[in-house]
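Enquirer: 50 is the number of the first residue of the sequence shown in this note's numbering; add one for each residue after it.
Pasting in a structure now, in C-alpha cells, and then I'll have a few things to ask.
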Amino acid sequence: MKLLHPLSSSLARSFTVLIAAGLAFSASAQTKWDMPTPYPATNFHTENIQQFAGDVDKASAGKLKITVHPNGALFKANEIKRAVQGGQAQIGEIIISGLSNEDPLFALDTIPFLATSYADAKTLWQASRAKVEAKFAKQGLKVLFSVPWPPQGIYSKGPLNSSADLKGVKIRSYSPTVARMIELMGAQPVTVQAAELTQALATGVVSANITSAATGYDSKSWEQLTYYFDVQAWLPKNVVLVNQKQFDSLDKTTQQAVLKAAADAEARGWKTSEEKTIWYVDQLKKNNMKVLPASTDLKKDLVGIGDRMTKEWLEKAGADGQAVLDAYRKAKK
Ligand code: PCA
C-alpha cells in the first residue's frame, strides 16, 4: 500500500476542518441587512440606529447583522423608501413628512404650531401611529420605530422682524409641507436634502434654512448664516421601515429581537432628542450664531400660516384626518 505523504495527510485534515466549519456556519445561518439612512454618522438619530443594530446583533446571537450606511451614501434620502420597498435595501430610515405629497397623513407632524413640545409631539404620534402604520403596510413596509427631531426654527443671514423680511429669499426645504410654509411666507422654497445642505449654503443655492438646532450644527450653519430664530414651530419625525417580506423571513426569535430593539430605540431616541436639544443650541451659540426667540410679529405671521395649513390639511385629509386631529386634541388636554 502506498503511504500518504505527510504533507498531503495534513492537507486532508485541514480540508476536513474547513468542511466542518462550513457546516457549523450554515447551521447558524447569518442574515445580512443593509440599512441606508439620510443623516451624518454623528447625528443623534444615526447613533441611536447604530445602537439598535448592535442590540439586534447581540439579541439574535449574531444571526442578524445590520450594516448602517449613513449620510445618503448608499441611497439618497428621497430614494430610501423605494429601495426598501423594492428589496434593494432591507431596512432604512426616512423623514415622514418627506412623503407628504403621497398622503396628507405624512404631513401631520410638520404643520406649524400644531404640536410644539415633546409631550405634544408624542401625543400626536400616539393619535396617528396606527394610521401611519396602515399606510406603510399597504406598501409592504413595516414601521419599526419613530423618533422626533428637535423643534424647528429659522436660520437667516440678517435679523427677522416679520416674515416680510424673507420675501423672495431662497429658503431651503426638506419636505413639501415645509415648502408650502415657505411659499405662504412669500419666500422661495428650494428642496435640499441634509447631506447636500452645507454645499447648497456655501454656493448660494439657498440663503436661509428651516430646520432644528441639530441639523444647523451638523451642517455648520455658522459658516454662512448668522441668526437662528428658535421658533419651536413643530417636531418632525423620522421613521425606520423594514421590508415586510424580509422581516417575515426571519425566524420568530430573531423577529422578537428586532421588535424589542426597536421599542428600546424609540424610547431612547425620544429621550436623547429632547435632552440633546439644549446641547445643540449651545453649539450654535459657541460658534457665534445669534440665537433669538421669534419676535412677536414673526410669531404672529407663522401662527397664522399654521392655522391656514391646518385648514388646508383637513380639506385634503378628510374624515380620516379629522378623526386623528380630534383624538390628538382630546388627548392633549
Ligand atoms: N433636520 C432634518 C429634518 C428636520 C431636521 O431637524 C433636515 O433638516 O433635513
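Cβ coordinates follow ideal geometry from the N, Cα and C atoms, glycine included.
At 4 residues or longer, and completely inside the stretch 108-135: list those alpha helix (DSSP H) runs for me, N to C.
Expert: Those alpha helix (DSSP H) runs which fall completely within the stretch 108-135 and span 4+ residues are 129-135.
Enquirer: For F74, count neighbouring Cβ atoms within 10 angstroms of its own Cβ and tell me buried if that reaches 16, exposed if not.
Expert: Note that F74 has pLDDT 48, beneath the 50 cutoff, so the model's placement of it is unreliable and no number is given.
Enquirer: Check E151 in the structure and name its three-state DSSP category.
Expert: Here E151 sits in coil by DSSP.
Enquirer: At which residue ranges does the stretch 301-372 contain complete beta strand (DSSP E) runs of 3 or more residues, listed in the order of the chain?
Expert: List check, beta strand (DSSP E) in window: 339-341.
Enquirer: Does the stretch 150-163 touch the stretch 110-124, meaning 3 or more C-beta pairs lie closer than 8 angstroms?
Expert: As far as the Cβ criterion goes, the stretch 110-124 does not touch the stretch 150-163, which means the pair count is below three.
Enquirer: Under 8 angstroms between the Cβ atoms of D267 and A243?
Expert: The answer is yes: Cβ separation under 8 angstroms.
Enquirer: Opposite R221 in the DSSP bridges: which residues?
Expert: V239, N258, per the DSSP bridge assignment.
Enquirer: Determine contact between the stretch 128-144 and the stretch 314-326, defined as no fewer than three beta-carbon pairs at a distance below 8 angstroms.
Expert: Flag = no, the stretch 128-144 and the stretch 314-326 do not touch.
Enquirer: Would you mind stating whether L333 and G253 have Cβ atoms separated by less than 8 angstroms?
Expert: Not a contact, by the Cβ cut-off of 8 angstroms.
Enquirer: Does the stretch 162-176 come within contact of the stretch 281-297, defined as at least 3 CB pairs closer than 8 angstroms?
Expert: These segments touch.
Enquirer: Among N287, L341, S109, whose alpha-carbon lies nearest the alpha-carbon of G207?
Expert: Among N287, L341, S109, the Cα nearest to that of G207 belongs to L341.
Enquirer: So the candidates are K320, I98, V196; which of them puts its Cα closest to the Cα of P89?
Expert: Minimum Cα distance to P89 is reached at I98.
Enquirer: Once you ignore the five residues that flank P119 on each side, which residues in its own chain have a CB closer than 7 angstroms to its CB?
Expert: Result list for P119: T86, Y88, P89, A90, T95, in chain order.
Enquirer: Check each candidate in T172, G103, L113, S146 and name the one with the smallest Cα separation from L374.
Expert: For the residues T172, G103, L113, S146, the minimum Cα distance to L374 belongs to T172.
Enquirer: Does ligand 1 have a heavy atom nearer than 7 angstroms to the CB of Y223?
Expert: Checking every heavy atom of ligand 1 against the Cβ of Y223, one is found closer than 7 angstroms.
Enquirer: Does the Cβ-Cβ distance between A108 and A316 come in under 8 angstroms?
Expert: Contact: no.
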